[in-house]
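Asks:
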Amino acid sequence: MSRFNWISPFLLTSVFLVACGGGGGELSEDGSPVTWSTNPAGAATFSGVSATYQGAITGLGSIVVNGVRFETTDAMVYDGDDFSTGYDNNTAAYNSPLALGMTVALLGDVDDAQSLGRAARIRVVGGVRGTMSAVDTSALTLTLPTQTIQLTSATTYGGTTDGTSTGTPITNLTQLAGLSNAPLLTVYGLTQSDGRFLATRVVVTSASAHAMDVAVRGTITAISGNSYTVKTDASSSVMVNCNGCTIQPSVTTPRVGDAVRALAADISQWNGTALTAARLQLVNASYLTRFEGAPSAASYAKIKGAAVLDGSRWRVGGVEVSGVSLTQGALYEIKGTWSGAVLAATRVEVEGQRSFTGNDGSNTAYSNEFYGAVSNLSGSSFTVQGVNVDARSAYFPYGSSAHLTNGAFVEVKGSYADGILMATKVEIKVASGTNLSAGRVFEMYGQVSDWSGVSSTFKLTRLGVVYNALSSVNTRFEHGVPVNGSFVEAKGYMDANNVFQVIKLEVKNGYSDHDD
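Residue numbers for the sequence shown follow the numbering used here, so the first one is 1065 and each next one is one higher.
#1: Does any C-beta atom of chain B lie closer than 8 Å to the C-beta of Pro-1461?
#2: Where does Asp-1173 land, buried or exposed, given buried means 16+ other C-beta within 10 angstroms?
#3: Which residue wins for smallest C-alpha separation from Asn-1548, given the options Gly-1556, Glu-1413, Thr-1521?
#4: For Ala-1286, list the residues DSSP reports as bridge partners.
#5: Tell me where the beta strand (DSSP E) around Ser-1520 begins and ends.
#6: From what residue to what residue does the alpha helix (DSSP H) around Gln-1239 run?
#7: Helix or strand or just coil, what does DSSP make of Leu-1248?
#8: Any idea if Asp-1143 is buried or exposed, counting beta-carbon neighbours within 10 angstroms, 16 or more meaning buried?
#9: Using DSSP's beta-bridge definition, name the partner residues of Arg-1182.
#10: For Tyr-1221 and Thr-1250, I'd like the C-alpha separation in whole angstroms.
#11: Nearest by alpha-carbon distance to Trp-1334: which of Gly-1259, Thr-1428, Gln-1211 is it?
#12: Short of 6 Å in beta carbon distance, which residues of its chain neighbour Gln-1256, apart from the five on each side in sequence? Order them along the chain.
#13: Measuring only the C-alpha atoms, how far is Gly-1087 from Gly-1544?
#14: According to the neighbour-count rule (16 or more other Cβ atoms, all chains shown, within 10 Å of its Cβ), is Val-1566 buried or exposed?
#15: Let me confirm a value: Asp-1374 is counted as buried when at least 16 other C-beta atoms fall within 10 Å, else exposed. Which label applies?
#16: Which of the three DSSP states, helix, strand or coil, is assigned to Ser-1117?
#17: What is the DSSP secondary structure of Tyr-1462, counted as helix, strand or coil?
#18: Using C-beta distances below 7 Å, list every residue in its chain close to Ala-1177, excluding the 5 sequence neighbours before and after it, in chain order.
#19: What distance in whole Å lies between the Cβ atoms of Phe-1564 and Leu-1527, which are believed to be in contact at a cut-off of 8 Å?
#20: What are the complete beta strand (DSSP E) segments, minimum 3 residues, inside the region 1323 to 1386?
#21: In whole angstroms, give me the CA-to-CA distance for Thr-1216 and Val-1537.
#22: So, at 7 Å on beta carbons, what are the nonlocal neighbours of Ser-1270 in its own chain, with the 5 sequence-adjacent residues on each side left out?
#23: Among Ala-1560, Asn-1245, Val-1192, which residue has its Cα nearest to the Cα of Gln-1345?
#24: For the beta strand (DSSP E) containing Ala-1108, name the first residue and the last one.
#25: Check Ser-1301 in the structure and name its three-state DSSP category.
#26: Between the C-alpha atoms of Thr-1137 and Ser-1272, what's the straight-line distance to the nearest angstrom?
#27: Given this structure, state the Cα-to-Cα distance separating Arg-1182 from Val-1168, to the nearest angstrom.
#28: Kindly indicate which residue of Arg-1187, Ile-1213, Val-1189, Ile-1186 has the alpha-carbon position closest to the one of Ser-1197.
#29: Return the CA-CA distance between Pro-1104 and Leu-1180, expressed in angstroms with no decimal places.
#30: Tell whether a beta-carbon distance below 8 Å holds between Ala-1120 and Leu-1254.
#31: On a CA-only basis, which of Gly-1478, Leu-1124, Val-1406 is nearest Lys-1555? Give me that one, please.
#32: Rounded to whole angstroms, how far is the Cβ of Val-1474 from the Cβ of Val-1438, which I believe are closer than 8 Å?
#33: Under 8 Å between the Cβ atoms of Pro-1318 and Ile-1284?
#34: How about Asn-1562 and Gly-1471: do their beta carbons lie closer than 8 Å?
#35: Less than 8 Å between the beta carbons of Tyr-1435 and Gly-1478, yes or no?
#36: Going by beta carbon distance, what residues of the same chain come within less than 7 Å of Arg-1456, once the five residues before and after it are set aside?
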């Protein structure tokens, strides 16, 4: 994921035209040319159409947003705390790995028939931030000084016990509730129709990682001059004082009904009922998905959010949706033609609607999907992309759990709950002699060691798991070649010997191997 701060719409179009061609100049194991390597997931063909997406990340190995698996190795990723240049790109890059449960808005090209995409720009959508005051593990609520947040069993957790890269990783609610040091938290999520903020990811972080240590999420219900009444849950509101604060995006004017995020430098700006904000961000999907160079009526968008009936109009994620009748409060993923103001729906998906057909002909729903190499294998339990997987009840279309090996490439579908992905389907992708790569390409982050130059083996370590990797003269390097200790994002595939063959490798400047 690149850190360039601007790209013209003309250059963006050129990138798409080149990328969609499919040919990358790499060679297969027998020395013959291949045409899959520039395509997402190593698909044999890819017919991408420009699109904007907004929602939570529900899968890794690429990232999965609203059911589409997006390649990210060429994407520019922007920090959610500052998008000061209007609809254009942020000046601040986001330098940590994208994680399960984070909320993002992105621009890219999507092959809808294959549910594959390539992200060009990704904006991290910031959530609530503040020190933890209380956790109710029965009611599944998390209280910060500024607002109370709703948790679910599907909420993911990140960071460490002390907010540093050396602390013990936080993976579940029990660990979070056991912390007694009033940790600083960043909470990603979605606003519900009744005003509650529903957490998709909770991260223990540190003040040194942010210029803004307090953030409130909610919906504007009243405006008086530069003061905004912001509803933060079903029955509570806070007053946001915005005298002298910066409105982001800069060309917008806050209105009643807008979803907003108010940020302040520290808790001294909070008096118990009102927050003196340094920034007020408008975070409706209609604002978040406006990128420099993004087409409007000629493209489509897919957004995620709760349905709200506003008079006679339906809104999802703050966006007016036409052509459908929805259920108040239900969580939807809506795809349609985007005019810049109204989304004309062409497909409506209720949360949890995605499914696969098992060998008995029945359909099984799933919420999450992961692509990567098996590690820490113990019976039918293992990790993939750093996520713990329980495959005891999974459907294996090829083989069984007995055929799993550390380093094997798998596609896993299931539902994430209480820190574990309960797998409903595990597909073991066995390398073939005719093509070791097509359909088996994925991305992962890691730190380089044992580097001795191009066309040699090296180690790639992510979350304590060490992978053997190999670059070649055909590997595409971005920001130079790595050195020992470099953090990188790599695109490649596991060969028949479980060596990660690197197609593309990007050195991550300023990168850190933990959430912030």
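Beta carbons: idealized from backbone N, C-alpha and C, even for Gly.
Replies: Per the coordinate set shown:
#1: Note that chain B does not occur in the displayed structure, where there is just one protein chain.
#2: On the sequence shown, position 109 is the one that residue 1173 refers to. Buried, by the Cβ-count rule.
#3: As a working note, residue 1548 is residue 484 in the sequence shown. Looking at the Cα atoms, Thr-1521 is the closest of the given residues.
#4: Your numbering for residue 1286 matches position 222 in the sequence shown. Looking at the DSSP assignment, Ala-1286 forms a beta bridge with Thr-1293.
#5: Along the sequence shown, read from residue 1 onward, the residue named residue 1520 stands at position 456. No beta strand (DSSP E) contains Ser-1520, which DSSP labels as neither H nor E.
#6: As a first step, residue 1239 must be located in the sequence shown, where it is residue number 175. Segment 1237 to 1241, the alpha helix (DSSP H) holding Gln-1239.
#7: Here residue 1248 refers to the residue found at position 184 when the sequence shown is read from its first residue. Leu-1248 falls in the strand class under three-state DSSP.
#8: Residue 1143 sits at position 79 when you count from the first residue of the sequence shown. So Asp-1143 ends up on the buried side.
#9: Your numbering for residue 1182 matches position 118 in the sequence shown. The partner list for Arg-1182 (beta bridge, DSSP) reads Glu-1135, Asp-1173.
#10: Taking the sequence shown and counting its residues from 1, one reaches residue 1221 at position 157. Taking the sequence shown and counting its residues from 1, one reaches residue 1250 at position 186. Whole-angstrom Cα-Cα distance: 10 Å.
#11: Here residue 1334 is taken as the residue at index 270 of the sequence shown, counted from 1. Taking only the C-alpha atoms, the option nearest Trp-1334 is Gln-1211.
#12: Translated into the one-based positions of the sequence shown, residue 1256 becomes position 192. These residues qualify, in order along the chain: Leu-1262, Ala-1370.
#13: Counted from its first residue, the sequence shown places residue 1087 at position 23. Counted from its first residue, the sequence shown places residue 1544 at position 480. Here Gly-1087 scores only 34 on pLDDT, less than 50, and its place in the model should not be relied on; the value that follows carries that caveat. In this structure, the straight-line span from the alpha carbon of Gly-1087 to that of Gly-1544 is close to 22 Å.
#14: Here residue 1566 is taken as the residue at index 502 of the sequence shown, counted from 1. Result: buried.
#15: Along the sequence shown, read from residue 1 onward, the residue named residue 1374 stands at position 310. Exposed: under 16 other Cβ atoms inside 10 Å.
#16: In the sequence shown, the residue the question calls residue 1117 occupies position 53. Strictly speaking, residue 1117 in this sequence is Tyr, with Ser absent from that position. Tyr-1117 falls in the strand class under three-state DSSP.
#17: Taking the sequence shown and counting its residues from 1, one reaches residue 1462 at position 398. DSSP places Tyr-1462 in coil when its eight states are reduced to three.
#18: Here residue 1177 refers to the residue found at position 113 of the sequence shown. The answer is none, since no qualifying residue turns up.
#19: Taking the sequence shown and counting its residues from 1, one reaches residue 1527 at position 463. Taking the sequence shown and counting its residues from 1, one reaches residue 1564 at position 500. That pair is no contact at about 15 Å.
#20: 1323 to 1328, 1338 to 1340, 1343 to 1346, 1364 to 1374, 1377 to 1380, 1383 to 1386
#21: The residue given as residue 1216 occupies position 152 in the sequence shown. The residue given as residue 1537 occupies position 473 in the sequence shown. Whole-angstrom Cα-Cα distance: 47 Å.
#22: Here residue 1270 refers to the residue found at position 206 of the sequence shown. If we look at Ser-1270 and ignore the five residues flanking it on each side, its Cβ neighbours are Gly-1227, Thr-1228, Leu-1248.
#23: What you label residue 1345 is simply residue 281 of the sequence shown in a count that begins at 1. Among Ala-1560, Asn-1245, Val-1192, the Cα nearest to that of Gln-1345 belongs to Val-1192.
#24: The count along the sequence shown starts at 1 and reaches residue 1108 at position 44. It is not in any beta strand (DSSP E) - Ala-1108 carries neither H nor E in the DSSP assignment.
#25: As a position in the sequence shown, residue 1301 is number 237, starting the count at 1. DSSP places Ser-1301 in strand when its eight states are reduced to three.
#26: Counted from its first residue, the sequence shown places residue 1137 at position 73. Counted from its first residue, the sequence shown places residue 1272 at position 208. Rounded to whole angstroms, Thr-1137 to Ser-1272 spans 27 Å at the Cα level.
#27: Counting from one through the sequence shown, the residue named residue 1182 turns up at place 118. Counting from one through the sequence shown, the residue named residue 1168 turns up at place 104. Looking at the two C-alpha atoms, the distance is approximately 14 Å.
#28: Along the sequence shown, read from residue 1 onward, the residue named residue 1197 stands at position 133. Ranking Arg-1187, Ile-1213, Val-1189, Ile-1186 by Cα distance to Ser-1197 puts Ile-1213 first.
#29: Counted from its first residue, the sequence shown places residue 1104 at position 40. Counted from its first residue, the sequence shown places residue 1180 at position 116. Computed Cα separation, rounded: 6 Å.
#30: Position 56 of the sequence shown, counted from the first residue, corresponds to residue 1120. Position 190 of the sequence shown, counted from the first residue, corresponds to residue 1254. Yes. Within cutoff.
#31: Here residue 1555 corresponds to residue number 491 of the sequence shown, with the count starting at 1. That would be Leu-1124, whose Cα lies nearest to the Cα of Lys-1555.
#32: Counting from one through the sequence shown, the residue named residue 1474 turns up at place 410. Counting from one through the sequence shown, the residue named residue 1438 turns up at place 374. Contact holds; Cβ gap of about 6 Å.
#33: Here residue 1318 is taken as the residue at index 254 of the sequence shown, counted from 1. Here residue 1284 is taken as the residue at index 220 of the sequence shown, counted from 1. Cβ distance < 8 Å, so Pro-1318 and Ile-1284 count as in contact.
#34: Within the sequence shown, residue 1562 is the residue found at index 498, counting from 1. Within the sequence shown, residue 1471 is the residue found at index 407, counting from 1. Closer than 8 Å, so yes.
#35: Here the question's residue 1435 lines up with position 371 in the sequence shown. Here the question's residue 1478 lines up with position 414 in the sequence shown. Not in contact: Tyr-1435 and Gly-1478 (Cβ atoms no closer than 8 Å).
#36: Counting from one through the sequence shown, the residue named residue 1456 turns up at place 392. Ser-1444.
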